[in-house]
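Notes to accompany the following structure.
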Amino acid sequence: MSPNEKLVLAVSGKGGVGKSTLSALLVRSLSEKGIGPLLAVDANPDSNLPHLLGVQAERTVADLTSEMKEEIEKGTLPPTLTKKDLLEYGIIKILKETPAFDLLVMGRGEGEGCYCMVNKLLTDILDTLSRNYRVTIIDEDAGLEHLSRRTDRDVDVMLIVTDPSSMGFRTASRIKEVAREVHLEFKRMYLVGNRFSPDQVPLLEEKAAEMGLGVGGFLPHDENVFRLNLLGRPLLELPPDSPSLRAAEGILYRIGLLGDRE
Ligand SMILES: Nc1ncnc2c1ncn2[C@@H]1O[C@H](COP(=O)(O)OP(=O)(O)O)[C@@H](O)[C@H]1O
Ligand SMILES: [Mg+2]
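All residue numbers for the sequence shown refer to this note's numbering, where the first residue is 488 and numbers rise by one.
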């Protein structure tokens, strides 16, 4: 990745395949390699990326938009500011800043149509916001909504995570298809295996080829991840030699976010 390049990377896949785990590992690997500034975005209604990254996000974009909706209804919005201005101002305030990365949590919209509104806003906000960061990592919602509503318009790299199961592969394939149907032009799209053993890699390669996807690599099952999850501890506490962390770094090399390995 060239020094001035700005990149938006989205992590998608079936629920429970390891999207949030991979997202957190990528944030950690990139920050350890001195790539920054970094923005992590949790786009799941059931947000857990803050927890994995060891931070607490008190307020979400959904909170912000529902407050704004109320103000619109009550007619109490300041007339001199546009909704977009107000929203951008609000976003800066709820952005969680840490030395290693910033975090934005989309949250769960309440009421009919509200989550759509949040989704729509995500597109506009990320457009502007991600320009301030070297890499933006979006931990996507498990559904396909984000694709069909084209909220991923400006994603450069899409990682589709699958576990070694037919369900995982089927969802991955569906994601690829929906992206094609709505003419989303991801510059690069990769299939990433999670909880794969080395002998299952040929299967990953075969499936990726069938789907017309590149292979982004794989994460092994990692006892350290399992243990931290059980203890409710963030993945930032993973020992540096943890297999999944080393594998996440390998993925970053493979998809070109880190330079060529010597
Ligand atoms: N490589 C791995 N090794 C061990 N446990 C894992 C691994 N990947 C994911 N997990 C565990 O599996 C569960 C689901 O992972 P998660 O990242 O939350 O999935 P998703 O975000 O796709 O719903 C979590 O409890 C997580 O700790
Ligand atoms: Mg998740």
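Quick reminder that beta carbons are idealized off the backbone N, C-alpha and C, glycines included. Keep in mind that this is a model prediction, so the values were computed, not measured.
Asked                                                                                                : Found
Environment of G505 [buried if 16+ CB atoms lie within 10 Å]                                         : buried
Within 8 Å, strictly: CB atoms of D751 and P490                                                      : Given that the chain is displayed from residue 488 to residue 749, the structure contains no residue 751 and the question cannot be resolved.
Residues that N681 bridges to, as DSSP identifies them                                               : L706
Per-residue DSSP class, three states only, for E584                                                  : strand
Extent of the continuous beta strand (DSSP E) run through T623                                       : 622-626
Where the alpha helix (DSSP H) through V665 begins and ends                                          : 653-668
Beta-bridge partners of G743, as assigned by DSSP                                                    : Note: G743 sits in no beta bridge, so no partner.
Ordered list of alpha helix (DSSP H) runs contained in the segment 491-540, each at least 4 residues : 506-519, 536-539
Near ligand 2: N756 beta-carbon under 7 Å from a heavy atom                                          : An answer regarding residue 756 cannot be provided, because it is not within the stretch 488 to 749 covered by the chain.
Minimum C-alpha distance to S660 - residue among V679, V642, V644, D643                              : V679
Element boundaries [beta strand (DSSP E), containing T649]                                           : 644-649
Segment contact, 8 Å Cβ cut-off, at least three pairs: the segment 732-749 with the segment 500-516  : yes
Exposure label - D626; buried when at least 16 CB within 10 Å                                        : buried
Cβ contact (3+ pairs, closer than 8 Å) linking the segment 644-657 and the segment 494-509           : yes
Cα-Cα separation between N681 and L722, rounded to whole angstroms                                   : 16 Å
L631 versus I612, S518, R667, P685, residue with shortest Cα-Cα distance                             : R667
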